[in-house]
Every structure is written in structure tokens, then in C-alpha cells.
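Residue numbers (the numbering used here), protein chains in the order written: chain A, 920 to 1026; chain B, 145 to 265.
Following this line, the structure appears as C-alpha cells:
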């Protein structure tokens, strides 16, 4: 399996702050990387697909980048609704795997 | 609008089976593959497998091959997952999700609300 290591596991941050979440794959995944957001009520939605493509309806403060084994999700200016869990997911391998998650908390 | 509506929470005994549903609406059911994902308490997401509603073809994560069975009922636009020989390790929230693909993209654009399964005697 391709292991996906997300850092940090939790991140206290303030409204308006710029934050970056990292995701490292155990081998190169050719940009086949997605990001999801999970709210406290369990609702999951896609944010970014294929490394840097913004899902329809997702605010432009979200962006993704990376290549090879290293990828990141950046939120340019935190809004109250952004405090949630974030997961990366690779699809280079047919056995899909997710990162361990990053909890974005209010500082 | 697209919706995936999952069945309600289940409390089951060890050794039993549970069958959960995922009813699709707002799109042509047979046009999109449905995946299932497990989230153990306080943990990350784990891919279980998928089913193609058009053909009935399936693909499972090796870890769940003897545990999960995926089926569909095209007449009601509903996907099902049956989990057998349940143990406490199977207590989790289970999500269904719709796959969207192009030549280079492959992700889940809609998710169900999740089903909490608790295995306890």
C-alpha cells in the first residue's frame, strides 16, 4: 500500500490566518492526489482534486500544490467554517489510501 | 440535486452480519461507480471497495475481501454493503461515495451522511 503521512495532526490557528497542511506519500504518486474536508457532524466533501484543481463551489481561498511525493493544501485566510478535519487521498494505486488527517482548531 | 442517503445506525451482536444501504437520487444511478469507506472512531478513512451499478462489477480492498459484499438494486437506485462475521473492530462509521473520473482525475464528489455501526453483545 502507498502510505500517506499528513502533518501536522492538529493545528491551532486564528481567523484570517494562512495555513498549510502537508501530505507525503511513501512513493511518487504522479499528482494523483485529492483533498477532502470533514465537518464535526461527519459531512465529507471534496476540496481539491488532481493536486491543484478546485472543486466546483469551493471558495478560492483553498488551493493545492505539489509533485512527486510531497503535496500541500493551503487556506489563504481562515474563515469560521474552515475549522474541520482535512484528509489527503492518493489514487496512483488502485488500492486507494487516505492520510491520517489534520484537525484544524480555533486558537 | 445529487444525494446519497444512507440507512440508519445499527447495533449488532458479534458474529452477526449487517447490511446497510445507500440510496442515490438526482442523477442516473448507473452512470457512476459507488465506493464504500470505513472510518473507525477517531481514526482516518479506509477504502473498502467499489461497485459499478451498470455492470455489477466490484473491486475490493484485499483487507475487506472476505468481510464485505457490495450489491446494487438498479430499480431503486440503491447500493448495499453487507458486512459479515462482525467483531468489535468493525464498529465504525461507513460512508458511501460517488466516483467521478476523467483521464487524470478520480475522486469522490458526493458522499453519504454515514452509517454508524456498533458491534456489541
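Think of the CB as a built atom: it goes at the ideal place given N, C-alpha and C, for glycine as much as any other residue.
Treat the numbers as computed from the prediction; the structure is a model and nothing was measured.
*asked:* So, for residue 234/B: in the same chain, excluding its five sequence neighbours on each side, which residues have a beta-carbon less than 7 Å away from its beta-carbon?
replied: Counting only Cβ-Cβ distances below 7 Å, and skipping sequence neighbours, we find 227, 261, 263.
*Does the beta-carbon distance from residue 216/B to residue 238/B come in below 8 Å?*
Not in contact: residue 216/B and residue 238/B (Cβ atoms no closer than 8 Å).
*In this structure, does DSSP put residue 1002/A in helix, strand or coil?*
DSSP places residue 1002/A in coil when its eight states are reduced to three.
*What residues are listed by DSSP as bridge partners for residue 984/A?*
Paired residues: 991/A.
*What three-state label does DSSP hand residue 157/B in the structure shown?*
Coil at residue 157/B, not helix or strand.
*What is the rounded straight-line gap between the Cα of residue 167/B and the Cα of residue 1009/A?*
In a straight line, the C-alpha of residue 167/B is about 26 Å away from that of residue 1009/A.
_If I measure Cβ to Cβ from residue 183/B and keep anything under 8 Å in the same chain, skipping five residues before and after, which residues do I get?_
Around residue 183/B: 189, 190, 236, 237, 238, 239, 258.
*If you run the structure through DSSP and keep just helix, strand and coil, what is residue 920/A?*
Residue 920/A: coil per DSSP, three-state reduction.
*Could you pull out every residue in the same chain whose Cβ sits closer than 8 Å to the Cβ of residue 91/B, ignoring the five residues on either side in sequence?*
Residue 91/B is absent from the structure shown; chain B starts at 145 and stops at 265.
*asked:* Closer than 8 Å between beta carbons: that is the criterion. Which residues of the stretch 1001-1021 of chain A meet it against chain B?
replied: Against chain B - using a Cβ distance shorter than 8 Å - the residues of the stretch 1001-1021 of chain A are 1006, 1008, 1010, 1013, 1014, 1015, 1016, 1017, 1018, 1019, 1020.
*Is it true that the CB of residue 957/A sits closer than 8 Å to the CB of residue 965/A?*
Their beta carbons are not under 8 Å apart, which means residue 965/A does not touch residue 957/A by this criterion.
*From 934/A, 1012/A, 922/A, pick the residue whose C-alpha is nearest to that of residue 942/A; which is it?*
Comparing Cα positions, the closest option is 922/A.
*Looking at C-alpha atoms only, which residue of 214/B, 255/B, 201/B is the closest neighbour of residue 192/B?*
For the options 214/B, 255/B, 201/B, the alpha carbon positioned closest to that of residue 192/B is the one of 214/B.
*Proximal residues, the stretch 969-981 of chain A versus chain B, C-beta separation under 9 Å*: Shown in chain order are the members of the stretch 969-981 of chain A whose Cβ falls below 9 Å from a Cβ of chain B: 969, 972, 974, 975.
*asked:* To the nearest angstrom, how far is the alpha carbon of residue 977/A from that of residue 930/A?
replied: Cα-Cα distance, rounded: 21 Å.
*Per DSSP, residue 244/B is paired with what?*
Paired residues: 251/B.
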